[in-house]
Amino acid sequence: MTRYVHYFFLGLIELFGSILGKVPNFGLLTDEGRKATWVIELKTDELPEAQVLGSVIGMKVMEDVPYIKGLDRHLGGIMNNQVRDYLKDMGAATASNGAVGLYHIERITPEAVELGERLVKENHQTYVIDELELNRIKDSYPVMWKDKSAKPEMCFVGCPHLSFQQLEEWVDKIEKSLHINQNQQVTIPTVLTTSPSVLKKFKEGRQFAKLEKMGIGLSFICPLMYMNNPLCAKMPVITNSNKLRTYTTSRYYTDLEILDQITRRR
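Sequential numbering of the sequence shown, starting at 1024, is according to our numbering.
Laid out in structure tokens, this is it:
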């Protein structure tokens, strides 16, 4: 309840800021308020799952500003669409799991490129993340299903909404996984969610026919709205979204785990 009250007042601030053309001079709107109080040292051999990394950071720093080192080794130093998609998903997890409103990534995000470690406060704390820490946090997620061994009845992919590139990638990955498992359609009802503009563009392309043939649903409705229905909340739903896991009874799986769940023979 406290979280929603917080969001309500933030909404009021944004509303009156738009009306007046002025905003309060505090918090993340000040240079000092945008400085990092945490340094995150990422020491993984491979690029972590965005939703898990965001969750781990959010649960640790809790409302503070992190300065993330080591992620540029995996993402490169160019802010392209693929990097934006990764940061979108990671940011949704840091926000939902830890109310993090801002993060800096060394050599990638604009202020970090310009200012570097001048963005870090002197009295900062340090948090080292490796594969063991990622797995420890992921394994700690509670399963909110009444029957923890129940078979999934629904799968949501796209919270936050998938970009056009992500949508096309998911169609390709599902198609390949179905072929490997010798199936024609997904074995769990699956819905991919995206924005109305992306949905319209996607329906005009050739990939949409593939999606329909595989029995996959496509929607612009936020999965949170679906899961807020008390009847739906009782269903065993799986997702690759840490945001959806945090706010609902859905169960989190990585992208690869989701692919296996929705395409394998049953």
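No residue lacks a Cβ here, since even glycine has one placed at the ideal position from N, Cα and C. Treat the numbers as computed from the prediction; the structure is a model and nothing was measured.
So Ser1220 is in the beta strand (DSSP E); what residue range does that whole segment cover? Within the sequence shown, the letter at position 197 stands for residue 1220. Segment 1219 to 1226 is the alpha helix (DSSP H) holding Ser1220; no beta strand (DSSP E) there.
Gln1074 (DSSP reduced to helix, strand or coil): Sequence index remark: in the sequence shown, residue 1074 carries index 51 (1-based). Here Gln1074 sits in helix by DSSP.
Of the residues Gly1228, Leu1043, Val1062, the one placed nearest His1127, counting alpha carbons only: Translated into positions along the sequence shown, residue 1127 becomes position 104. The shortest C-alpha separation from His1127 is found at Val1062.
Can you have a look at Val1046 and say buried or exposed, based on whether 16 or more other CB atoms are within 10 angstroms of its CB? Here residue 1046 is taken as the residue at index 23 of the sequence shown, counted from 1. That one is exposed.
Could you compute how far the alpha carbon of Pro1071 sits from the alpha carbon of Gly1044? Residue mapping note: residue 1071 aligns to position 48 of the sequence shown, counting from 1. Residue mapping note: residue 1044 aligns to position 21 of the sequence shown, counting from 1. For Pro1071 and Gly1044, the distance between alpha carbons rounds to 40 Å.
Which runs of the alpha helix (DSSP H) spanning at least 4 residues fall entirely within the segment 1031 to 1069, listed in chain order? none
With DSSP as the reference, label Lys1177 as helix, strand or coil. Taking the sequence shown and counting its residues from 1, the one referred to as residue 1177 is at position 154. Looking at the sequence shown, residue 1177 is not Lys but Met. Reduced to three states, the DSSP call for Met1177 is strand.
Determine, using beta carbons only, whether Thr1262 and Val1180 come nearer to each other than 8 Å. Walking along the sequence shown from the start, residue 1262 turns up at place 239. Walking along the sequence shown from the start, residue 1180 turns up at place 157. Yes, Cβ-Cβ distance for Thr1262 and Val1180 is below 8 Å.
Specify, as a first and last residue, the run of the alpha helix (DSSP H) that Tyr1249 falls within. For the purposes of this step, residue 1249 is identified with residue 226 of the sequence shown, where counting begins at 1. Start and end: 1246 to 1250.
Whole alpha helix (DSSP H) elements within the segment 1098 to 1148, 4-residue minimum: 1104 to 1121, 1133 to 1138
Give the secondary structure of Val1088 by DSSP, where H, G and I count as helix, E and B as strand, and everything else as coil. For the purposes of this step, residue 1088 is taken as residue 65 along the sequence shown, with counting starting at 1. Reduced to three states, the DSSP call for Val1088 is coil.
For Leu1115, collect the residues of the same chain with a Cβ closer than 8 Å to its Cβ; drop the 5 residues on either side in sequence, then sort them by chain order. The count along the sequence shown starts at 1 and reaches residue 1115 at position 92. Note on residue identity: the sequence assigns Ala, not Leu, to residue 1115. Contacts found: Gln1074, Gly1077, Cys1182, Pro1183, Ser1264, Asn1265, Lys1266.
In the DSSP output, what is Leu1157 paired with across the bridge? As a working mapping, residue 1157 is identified with position 134 in the sequence shown. Note: Leu1157 sits in no beta bridge, so no partner.
Take every Cβ of the segment 1079 to 1094, pair it with every Cβ of the segment 1049 to 1067, and state whether three or more of those distances are shorter than 8 Å. yes
Please state whether DSSP places Tyr1276 in a helix, a strand or coil. Counting from 1 along the sequence shown, the entry for residue 1276 is found at position 253. Note: Tyr1276 maps to coil in three-state DSSP.
With a 10 Å radius around its C-beta and 16 neighbouring C-beta atoms as the bar for buried, classify Ser1041 as buried or exposed. Counting from 1 along the sequence shown, the entry for residue 1041 is found at position 18. Ser1041 comes out exposed.
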